[in-house]
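Trainee: My numbering applies: residue 164 is where the sequence shown begins, and numbers increase by one.
Note that the Cβ used here is the ideal one computed from N, Cα and C, for glycine as well.
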Amino acid sequence: MASTPNFWQRIGIQDWFLTNETSERAKAKALTPDTVYSYIIEKFKESIKELSFADRVVFYHEFIISFNAEDYKEFVANKQGIFGLIVHETVEQFYKILKEHRAEGKTVKPSGSKWVFRLVSHPDYARGDKGFIGKLLPDNNKKEENLRVTFIPRQTGIAQTFDVDQDILKGFTYYSEGYFEIPYEEALETEAQTAAKPGQTNIARLETIIPDQQFAGKKVEYLMKEDDLIVSGSDETREDSNIFTIPSEWVNAPHLQIKYNHADGKFYMASFGEITTLNEVTVERSHVNSPKWVELPVNSRMLLNGIIGLNLFKA
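(1) The alpha helix (DSSP H) spanning isoleucine 204 covers which residue range?
(2) Straight-line CA distance for leucine 467 to glycine 436?
(3) For the candidate residues Tyr258, Asp234, Ala426, Val239, whose alpha-carbon lies nearest to that of phenylalanine 222?
(4) Have a look at alanine 232 and alanine 416 and give me their C-alpha separation to the nearest angstrom.
(5) Using the three-state DSSP reduction, which class does tyrosine 342 fall into: helix, strand or coil?
(6) From the DSSP output, in three-state form, read off lysine 236 for me.
(7) Any chance you could list the beta strand (DSSP E) runs of at least 3 consecutive residues sitting entirely within the region 273-304, in chain order?
(8) What is the DSSP secondary structure of alanine 266, counted as helix, strand or coil?
(9) Could you tell me which residues DSSP pairs with histidine 425 in its beta bridges?
(10) On the CB-based measure, 16 or more other CB atoms within 10 Å of its CB, does histidine 425 come out buried or exposed?
(11) Taking one C-beta from the region 228-247 and one from the region 283-296 each time, how about it: are there three or more such pairs within less than 8 Å?
(12) Can you find the residues in the same chain that come closer than 6 Å, C-beta to C-beta, to serine 210, ignoring five residues on each side of it along the sequence?
(13) How many Å lie between glycine 268 and threonine 400 at the Cα?
(14) Let me know the secondary structure DSSP gives glycine 247 once reduced to three states.
(15) Buried or exposed for alanine 289, going by 16 or more other Cβ atoms inside 10 Å?
(16) Going by the CB atoms, is the gap between phenylalanine 280 and glutamate 344 shorter than 9 Å?
(17) Rounding to the nearest angstrom, what Cα-Cα distance links lysine 422 and leucine 248 in this structure?
(18) Over what stretch of residues does the beta strand (DSSP E) that includes lysine 477 continue unbroken?
(19) Once you ignore the five residues that flank serine 397 on each side, which residues in its own chain have a CB closer than 8 Å to its CB?
(20) So asparagine 474 packs on leucine 369, CB below 8 Å; how close in whole Å?
(21) Can you tell me whether glutamate 252 is helix, strand or coil according to DSSP?
(22) Which residues bound the beta strand (DSSP E) around asparagine 231?
(23) Alpha carbon to alpha carbon, how far is valine 250 from glutamate 402?
Rendered as structure tokens:
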């Protein structure tokens, strides 16, 4: 019975990296946040060089970054939420690069309305391998004949680019925690950057989408103008200016207290609700009269009682 060819045999580059697995595994460098961040930025810059023409700047909007399955699992083992932070920093850097091109008088217009990041693994990737697939239009329903793929074999460390059929992607494993979708901002600034304009007195902006039926998933925002803020639910009766009332029964009253420390320029939070997670890590519940403070990084994602998502952006 004939054996089924693996991924690399099917696309004809098996011989590029057939080496002693034990020795190469020892040489493989550990996957770090900076490795992932730098790799995406590098591929973004390359896409501009390859796709742009005349004075029109063209670039990929979807990025599929692939790794060895074991590398992926080791990377996220003690770094829950790290991919989300990497993606937000990456998009900010994208905008800085595009602003430079716009300042040179070039036309910077998107081919899609959003940025999409997919961090995946493949069983035929060896330890240390990483690959990249870029797309102009995220989630395009039109099936293209080929995709442009960049792969770095562990033997040479030199990037190789080639075209592959989309059916190849069926072998990749996609992770729910590895998918991120961010709206494209024509002003070339993230929402957090847009909020941080000179002359504004806002300290931070909080954003949540309420799943309750009467709100039909509408987004609710709150501008934090004071150093101390209370996040509360629909049972809240107080109307103080520093109370952000989320009109949902899924939020305790009160649920969170957030404060800004001018001395170190950081935010801190204390949780009074039943369950609160910060970047997928459970926050210890404390009493209203004795709050237990934990650092609240900018661009953090909080989840209240497993239902209400709350994001913090610095203004």
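Mentor: Per the coordinate set shown:
(1) 196-214
(2) 8 Å
(3) Tyr258
(4) 43 Å
(5) strand
(6) helix
(7) 277-285, 293-298
(8) helix
(9) Bridge partners of histidine 425: none, in fact.
(10) exposed
(11) yes
(12) Phe222, Tyr223, Gly297
(13) 54 Å
(14) helix
(15) buried
(16) yes
(17) 21 Å
(18) 471-477
(19) Thr408, Ile409, Pro410, Ser411, Glu412, Val414, Ala416
(20) 7 Å
(21) helix
(22) 225-231
(23) 37 Å
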